[in-house]
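There are 2 protein chains.
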Amino acid sequence: MREANEGADGAAPRVGMVGAGQLARMTQQAAISLGIELHVLAGAPDDSAARVTPHVSIGRPDSLDDLLAFAACCDAVTFDHELVDVAALRALAAAGHTVYPSADTVEVAQDKGRQRELFARLGLPVPPFVRVHAIDEVRAFGAAHGWPVVLKAERGGYDGRGVWLAQDAAGAGEVVDQAVRRGLSLLAEQFVPITRELAQLVARRPGGESVAYPLVETVQREGICHEVLAPAAIALERAEEARRLALAIAEAIGLVGIMAVELFETRDGVLINEIACRPHNSGHFSIEACATSQFENHLRAVLDWPLGSIALVAPAAAMVNLIGVPGMPRNPVANLPAALAVEGVRIHVYGKESRPGRKVGHVTALGERTADARDRAARAVALLEGSG
Amino acid sequence: MREANEGADGAAPRVGMVGAGQLARMTQQAAISLGIELHVLAGAPDDSAARVTPHVSIGRPDSLDDLLAFAACCDAVTFDHELVDVAALRALAAAGHTVYPSADTVEVAQDKGRQRELFARLGLPVPPFVRVHAIDEVRAFGAAHGWPVVLKAERGGYDGRGVWLAQDAAGAGEVVDQAVRRGLSLLAEQFVPITRELAQLVARRPGGESVAYPLVETVQREGICHEVLAPAAIALERAEEARRLALAIAEAIGLVGIMAVELFETRDGVLINEIACRPHNSGHFSIEACATSQFENHLRAVLDWPLGSIALVAPAAAMVNLIGVPGMPRNPVANLPAALAVEGVRIHVYGKESRPGRKVGHVTALGERTADARDRAARAVALLEGSG
């Protein structure tokens, strides 16, 4: 088998991405520039990324047979989501396939409990938390750390799903009952007064070479990222702390690829919320705003190629998500001409039908000042929604 | 049939590009962002762009049957080269298909004689020229305008092919004899002492809305573009003249899409050399250096969508072509890891096997100063060649 990092004369390196959503779709744009053949393992032929590459396999990310067949046509296998079976990844690696991030890394990334335990063990700042299995444990945690208490599913949550705010023991009881019925394990976490949410992206190669993107502020509503502002308007020492934490995590989990570390800023400093070891919504701004996008650096990392500069090409950038709202056209392209008339915005639509709450595109604007970039991007998004 | 510019609810606009070289390949990257389904009419399944889109038809650009079948699956048809049959384009339009640029525009663009006659008629500055069919006519032109004389095939030349420099009547005789034997019609043109070559890109919508990119300097060797420097270091009034000329040409030929106007700078001003009505090598810098790339504005124009800002995002940019040299690896990806280590360069490889003289990629660098950007891009190209 050809080594992924050899770039053997005459053949393009083939990277296989498990998952074919918008993250794989934008990875394809980066792959085209570098002459990388991107293969995707899609659930359906009309998945976002399956529409834009000729190399599509249909299969399940938790099926070892499907993964083995997919890996056979790739030099390296990576992911656009964490919903993969770790045992299958281990089997894939054992069969001689290059898999990045590794099964060990994915195992940590897909489990908030493991993450928290690891970070606490490393002495990294996390909110007070405990694993809970019964309402009594939540009640004891609330008594010790105060109410409300945040309850989180350890696995499988995203975009606000799998997170509940329990105001008191009665509210917690309902969540715990449901979780027990659905077989979910839960974390209880102190409700921390947050001044801002932040995200720190890091890319890391197998040998340890790493780059840390400019720290960004993420604006969330109901647990869904709506806006990203780059760089975060934050004291230099806090940005430096975020960078140090993210690089420490990358090292500790043996990261290969890109990782987003979601952080809470409190009055006293920053706390680690959770990590995602794949291209991440908080890094979409990097397509236009950085010398090398998160997608390109992810590909470079998994092929063990030198990582690219993460320098900002403009003083400020803002990314606003296009999220389905009631009454929006099924295809966001319908309102594209109106939105394109907004000066200097960079519009991305994902080839997905809009449904309320679904991320179907995003808009990035660069500028001298964050507020101006944010206004322009938000105006284009409103026009895409049909509400502008 | 759906109108291309409607963006009908639920369906992606489908643009068909005749030709599947690197220009179509880079157009696919722009199409992905805008949710446009790019179809290509390729000569072979491994053509540069056919490797990166699932929508590939195999056929000949001069076959009406192939064009009709291709157009049937597209809302608008456009081109990545001019080697199309104008009569077939007229038949395509007559059958109700949207074709941009139009057959009339393509007819001018693919014929240097017609271009020159049109520009002269419009009072735009061109070098003295005449159509020649026999050596006596070249001899008379040389006597009137001095030797050497430039001889050009009216049609089909590119990258230095189809252009000859005749030092005297004897040399001209050889070229004319060969041209007559091969059925080529020729232009004779005064050999103009050039201080620099320039290129002005313009995009224009059906209604007339136009944008003119920053004027660039193109560095040619043996008729092949090697480097592009943006913006051209030129007096403001000359840049303004180039812009005015290009917009006048766009208007005169009813351009829809992107056009490159190649210009000569002489001690006395600028002269028009020739035009290309498609994305052009002199515009590759715009992918990273401008708010909207030539590829995106071409797509917007043919769909009659608002054109995007052409503002530079950095003070200076340089693009250096990767052109096959003897001894270079067949696949330029082989040397990619070395080249990626050069700080802040943006590498594009086209998925083509390298052969001496063949364009197989390019590198763009942005910077505060042109010289620095050029040095970095050139260093990356040398490493890709294996000579760095």
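Chains as they are written, first to last, in the numbering used here: chain A, 13 to 400; chain B, 13 to 400. C-beta: ideal position from N, C-alpha, C; glycine also.
How many angstroms separate the CA atom of P341 of chain A from the CA atom of I70 of chain A?
If I take the Cα positions, the gap works out to 28 Å.
At a CB distance below 7 Å, what residues from the region 291 to 317 of chain A approach chain C? Give them in sequence order.
Among the protein chains of the structure shown, namely A and B, there is no chain C.
For the alpha helix (DSSP H) that contains K124 of chain B, what are its first and last residues?
Counting along the chain, the alpha helix (DSSP H) containing K124 of chain B begins and ends at 124 to 133.
Under 7 Å between the Cβ atoms of Q306 of chain A and L213 of chain A?
Contact flag set, yes.
Just mark A251 of chain B as buried or exposed, buried being the case when its beta carbon has 16 or more other beta carbons within 10 Å.
The residue in question, A251 of chain B, is buried, as its Cβ has 16 or more Cβ neighbours within 10 Å.
Please tell me whether D316 of chain A and R217 of chain A are closer than 7 Å, where the distance is taken between their beta carbons.
Yes, they are a contact pair.
Of the residues B:A32, B:D189, B:T376, which one's Cα is nearest the Cα of L46 of chain A?
Among B:A32, B:D189, B:T376, the Cα nearest to that of L46 of chain A is on B:T376.
A224 of chain B to V354 of chain B, Cα distance in whole Å?
Straight-line Cα distance between these residues: approximately 31 Å.
Measuring alpha carbon to alpha carbon, tell me which of A:V337, A:C86, A:E286 ends up nearest V314 of chain A.
The shortest C-alpha separation from V314 of chain A is found at A:C86.
So what does DSSP say about H67 of chain A, is it helix, strand or coil?
DSSP places H67 of chain A in coil when its eight states are reduced to three.
Answer yes or no: does any C-beta atom of chain B fall closer than 7 Å to that of V375 of chain A?
Cβ-Cβ to chain B under 7 Å: no for V375 of chain A.
For a contact meaning CB atoms closer than 9 Å, what does H360 of chain B contact in chain A?
By Cβ distance, chain A contributes I44, S45, L46, G47.
Please state the DSSP three-state secondary structure of Q179 of chain B.
If DSSP states are grouped into helix, strand and coil, Q179 of chain B belongs with coil.
Who are the Cβ neighbours of E274 of chain B in its own chain at under 6 Å, not counting the five residues just before and after it?
So the list reads A211, N285, E286, once near-sequence residues are dropped.
Output yes or no for whether 7 Å exceeds the beta carbon distance between A244 of chain B and L227 of chain B.
Contact: yes.
So, under 8 Å CB-CB, L334 of chain A and V393 of chain A are touching, yes? Tell me the CB distance rounded to an integer number of Å.
Right, their Cβ atoms sit about 5 Å apart.
Can you tell me whether L104 of chain A is helix, strand or coil according to DSSP?
Three-state result, L104 of chain A: helix.
Taking the continuous beta strand (DSSP E) assigned at R143 of chain A, which residues delimit it?
Segment 141 to 144, the beta strand (DSSP E) holding R143 of chain A.
Please confirm if G363 of chain B has its CB atom under 7 Å from at least one CB of chain A.
Yes, because at least one Cβ of chain A sits closer than 7 Å to the Cβ of G363 of chain B.
Please name the residue or residues paired with E274 of chain B in a DSSP beta bridge.
In the DSSP output, where bridge partners are listed per residue, E274 of chain B has B:A211, B:E286.
Within 7 Å (strictly less), CB to CB, does G55 of chain A reach chain B?
Chain B, which has no Cβ nearer than 7 Å to the Cβ of G55 of chain A, makes this no.
Mind checking E380 of chain B: buried by the 16 CB within 10 Å criterion, or exposed?
So E380 of chain B ends up on the exposed side.
By the three-class DSSP mapping on this structure, what secondary structure does A191 of chain B have?
Correct three-state label for A191 of chain B: helix.
Quick check for students: name the residue ranges of the beta strand (DSSP E) that lie wholly in the region 37 to 100 of chain A, counting only runs of 3 or more.
With a minimum length of 3 residues, the continuous beta strand (DSSP E) runs that stay inside the region 37 to 100 of chain A are 49 to 54, 68 to 70, 88 to 91.
With burial defined as no fewer than 16 other Cβ atoms inside 10 Å of the residue's Cβ, what is the status of A191 of chain A: buried or exposed?
Result: buried.
List the whole-angstrom C-beta distance separating E162 of chain B from F131 of chain B, where the pair is believed to meet the contact cut-off of C-beta under 8 Å.
The sequence given here places Val at residue 162 of chain B; Glu does not occur at that position. Between F131 of chain B and V162 of chain B the Cβ distance is about 16 Å, and since that is not below 8 Å, they are no contact.
Select from the region 318 to 349 of chain B all residues with a C-beta closer than 9 Å to any C-beta belonging to chain A, and list them in chain order.
So the list reads P318, L319, G320, S321, A323, V325, A326, P341, R342, N343, P344, V345, A346, N347, L348, P349, given in the order they occur along the chain.
Please list, in chain order, the residues of the region 63 to 74 of chain A that have any C-beta partner in chain B closer than 8 Å.
Cβ contacts with chain B: R63, V64, T65, P66, V68.
Using a Cβ-Cβ cutoff of less than 6 Å, which residues in the same chain neighbour A24 of chain A once the five nearest sequence positions on both sides are dropped?
G47, E49, listed in sequence order.
Three-state secondary structure (DSSP) at T304 of chain A?
If DSSP states are grouped into helix, strand and coil, T304 of chain A belongs with coil.
With three or more C-beta pairs closer than 8 Å as the rule, is the region 32 to 41 of chain B touching the region 37 to 46 of chain A?
Enough Cβ pairs lie closer than 8 Å, so yes.
Spatial neighbours of T304 of chain A within its chain, please: C-beta separation below 7 Å, excluding the five flanking residues on both sides.
Excluding positions up to five away in sequence, the list reads G320, S321, I322.
Using DSSP bridges, identify the partner residues of E239 of chain A.
BP columns for E239 of chain A point to A:V231, A:V332.
Identify, in the order they occur along the chain, each residue of the same chain with its Cβ nearer than 7 Å to the Cβ of V96 of chain A, setting aside the five sequence neighbours on each side.
Correct list, in chain order: V30, P73, D74, V118.
Using a Cβ-Cβ cut-off of 7 Å (strictly less than) and excluding sequence neighbours within five positions of V120 of chain A, which residues of its own chain qualify?
R126, Q127, L130, I265, listed in sequence order.
Where does V314 of chain A fall in DSSP's three states?
Residue state, collapsed to three classes: helix.
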